[in-house]
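In my numbering, the protein residues as written are 8 to 84. Every residue, glycine too, gets a C-beta built ideally from N, C-alpha and C. Inspection log for the structure reproduced underneath, given as structure tokens.
Put into structure tokens, the structure is as follows:
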């Protein structure tokens, strides 16, 4: 089953602890049934079913023909 996916980018770490609005938002409204995260250290926030990626430097999205949204990036530690 396909579901919409919304990715919000912030210019701070731990944005869920603030009232700041995202700097940019990506909407994938159709054709996604699975998200694959590569090369990223992530936290899953149970309350909102959100994925948190801190210290993000680069982010790339690719959608394949099987309906996978592949998210890759680089982080600074």
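- If you draw a 10 Å sphere on the C-beta of residue 76, you find 16 or more other C-beta atoms in it, and that means buried.
- Looking at the backbone, the Cα of residue 74 and that of residue 39 are separated by about 5 Å.
- In terms of CA proximity to residue 78, 43 leads the group 57, 25, 43, 58.
- Within the region 21–68, complete beta strand (DSSP E) segments of at least 3 residues are found at 31–35, 41–45, 50–52, 57–59, given in chain order.
- Restricting attention to 36, 21, 32, 22, the CA atom closest to the CA of residue 9 is found in 36.
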